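Participant: Quick note: the sequence shown uses my numbering, first residue -11, plus one each step.
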Amino acid sequence: MISMLNDYLARAHALASAGQPFVLATVVRAHAPTSAKAGARAIVTADGALDGWVGGSCAQPTVVRESLKALADGTPRFLRLGPPERLRGDQPGVIEVPLLCVSGGTLEIYLDPHLPAPQLWLIGHLPVVEALAALARTMNYSVTVVGDGLTREQAPGAERVLPFDPAALSVPPGAFVVVASHGNYDEPALEVVLNSDAAYVALVASRKRRDAVLEYLRGSGLPPEKLARLKCPAGLDLGAVTPDEIALSILAEIVQLRRRGTGPAPGFVAGGQAERRQPSDLPASLLAMRPAA
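(1) Out of Glu73, Phe152, Gly81 and Leu59, which has the shortest C-alpha to C-alpha gap to Leu67?
(2) Quick check: the stretch 29 to 41 against the stretch 69 to 89, are there 3 or more CB pairs under 8 Å?
(3) Suppose the cutoff is 6 Å on Cβ atoms and the five residues either side in sequence are ignored; what does the same chain contact list for Thr132 look like?
(4) Does the Cβ of His1 have 16 or more other Cβ atoms within 10 Å, making it buried, or fewer, making it exposed?
(5) Sort Arg17, Pro151, Leu59 and Val85 by Cα distance to Cys46 and report the nearest one.
(6) Under 8 Å, do Val166 and Val192 count as touching if we go by C-beta distance?
(7) How big is the Cα-Cα spacing for Gln79 and Tyr129?
(8) Roughly how many whole angstroms lie between the Cα atoms of Ala(-2) and Ala20?
(9) Quick one: what does DSSP say Gln107 is sitting in, helix, strand or coil?
(10) Which whole-angstrom value describes the C-beta separation of Leu95 and Thr22, a residue pair presumed to lie in contact below a C-beta threshold of 8 Å?
(11) Hey, Val42 and Ala24: beta-carbon distance below 8 Å or not?
(12) Quick one, are the C-beta atoms of Ala146 and Ala121 less than 8 Å apart?
(13) Where does Ser5 fall in DSSP's three states?
(14) Can you grab the Cα-Cα spacing for the pair Pro254 / Pro176, in whole Å?
(15) Rounded to a whole number of angstroms, what is the C-alpha to C-alpha distance between Ala187 and Val159?
(16) Out of Arg65, Pro221 and Pro64, point me to the one whose CA is closest to Arg307's CA.
(17) Could you tell me the alpha carbon to alpha carbon distance between Glu54 and Tyr173, rounded to whole angstroms?
(18) Which whole-angstrom value is the C-beta distance of Leu218 and Ser237, which I expect to be below 8 Å?
(19) Look up Ile31 in the DSSP assignment and give the residues it is bridged to.
(20) Who are the near neighbours of Thr50 in its chain, counting only those whose CB is closer than 8 Å to its CB and skipping five residues on each side?
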């Protein structure tokens, strides 16, 4: 029994370390006759695979289906599975699923989703990068800052600080990416990122700089459907002025995208029509990377 528990915990640890989402399914109560007993466990991964035992072929499809829903919205679930006459009905917080199994028993199963921290990649060296890194870490984002000559002191919220190398730049699927290099490597960074499976790609730039970047990317042969993914100006229109406020507007837009599943707010998305003040229209004194404390 201890060996099985250790295997289960080792599997969960391996998935968490690899940044893979999964659900821990635990039988908390079993009313005989059932093949699973209280304390039985299984792990359900994002591909629908179930590793462990929380009931036979009658219960497993429901456990997998509800586990995938839990992964989709990040919300734990409490299931009660059994014959219709043994279900209580309309109990808050309990998902009851009638099963017409031969055994006739009832299972209560808790589904606990474990999602990797959202990935925020910041490419560049503007003060907004430092502000974004610090703010995002308070919200449990995994932050990577990419830029030449940067130190951890200049990005205290970052887990990783990497040099900029377009050949080595590899953004994980589903990451949120903000490019803010003040023209140093906007174009090569965006060429890589817009060809990735990033969930969000934004550019912090002035109107003039934005237009030059778009022209370059079109000339480089980037397909229109990929160019259309670029969000500029970055962030929600909060009237932000300072780097901290701009960082807040960008992270607010990312939260909106994650929680509501909606696209970026209207703006210059690869040449959209809405116009508003660009972060990089601010005074030059706000655009230089803040010195380390």
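Where is the CB? At the ideal position from N, CA and C, for every residue including glycine. Treat the numbers as computed from the prediction; the structure is a model and nothing was measured.
Facilitator: For this structure:
(1) Sequence index remark: in the sequence shown, residue 67 carries index 79 (1-based). For the set Glu73, Phe152, Gly81 and Leu59, the Cα lying nearest the Cα of Leu67 is the one of Gly81.
(2) Cβ pair count under 8 Å is below three, so no.
(3) Within the sequence shown, numbered from 1, the residue matching residue 132 stands at position 144. If you ignore the 5 residues before and after Thr132, its C-beta comes within less than 6 Å of the C-beta of Trp109 and Arg148, all in its own chain and listed in chain order.
(4) Within the sequence shown, residue 1 is the residue found at index 13, counting from 1. By the neighbour-count criterion, in which a residue is buried when 16 or more other Cβ atoms sit within 10 angstroms of its Cβ, His1 is exposed.
(5) On the sequence shown, residue 46 is found 58 positions in, with the first residue counted as 1. Of Arg17, Pro151, Leu59 and Val85, the residue nearest in Cα terms is Val85.
(6) In the sequence shown, residue 166 corresponds to position 178, counting from 1. In the sequence shown, residue 192 corresponds to position 204, counting from 1. Less than 8 Å separates the beta-carbon of Val166 from that of Val192.
(7) Counting from 1 along the sequence shown, the entry for residue 79 is found at position 91. Counting from 1 along the sequence shown, the entry for residue 129 is found at position 141. C-alpha separation (whole angstroms): 35 Å.
(8) As a first step, residue -2 must be located in the sequence shown, where it is residue number 10. As a first step, residue 20 must be located in the sequence shown, where it is residue number 32. Straight-line Cα distance between these residues: approximately 30 Å.
(9) As a working note, residue 107 is residue 119 in the sequence shown. Gln107 falls in the strand class under three-state DSSP.
(10) Position 107 of the sequence shown, counted from the first residue, corresponds to residue 95. Position 34 of the sequence shown, counted from the first residue, corresponds to residue 22. The pair is a contact, with the Cβ atoms about 6 Å apart (cut-off 8 Å).
(11) Here residue 42 is taken as the residue at index 54 of the sequence shown, counted from 1. Here residue 24 is taken as the residue at index 36 of the sequence shown, counted from 1. Yes, the Cβ-Cβ distance between Val42 and Ala24 is below 8 Å.
(12) Along the sequence shown, one-based indexing puts residue 146 at 158. Along the sequence shown, one-based indexing puts residue 121 at 133. Yes, these two residues count as a Cβ contact at 8 Å.
(13) Within the sequence shown, the letter at position 17 stands for residue 5. For Ser5, the secondary structure class from DSSP, reduced to helix, strand or coil, is helix.
(14) The residue you call residue 254 lines up with position 266 of the sequence shown. The residue you call residue 176 lines up with position 188 of the sequence shown. Annotation note: pLDDT 39 at Pro254 (below 50); position unreliable, coordinate value reported separately. Their backbone Cα atoms lie some 25 Å apart in a straight line.
(15) For the purposes of this step, residue 187 is taken as residue 199 along the sequence shown, with counting starting at 1. For the purposes of this step, residue 159 is taken as residue 171 along the sequence shown, with counting starting at 1. One C-alpha to the other measures close to 10 Å.
(16) Residue 307 lies beyond the range of the chain shown here (-11 to 281); nothing can be said about it.
(17) Locating residue 54 in the sequence shown gives position 66, where the first residue counts as 1. Locating residue 173 in the sequence shown gives position 185, where the first residue counts as 1. Cα to Cα, Glu54 sits roughly 44 Å from Tyr173.
(18) If you number the sequence shown from 1, residue 218 lands on position 230. If you number the sequence shown from 1, residue 237 lands on position 249. Between the beta-carbon of Leu218 and that of Ser237 there is about 17 Å, and that puts the pair past the 8 Å contact cut.
(19) Reading the sequence shown from its first residue, position 43 is the one you call residue 31. According to DSSP, Ile31 bridges with Leu12 and Asp39.
(20) Counted from its first residue, the sequence shown places residue 50 at position 62. By the criterion of a C-beta distance shorter than 8 Å, Thr50 is surrounded in its chain by Leu67, Leu69, Val85 and Leu87, once the five residues flanking it on both sides are discounted.
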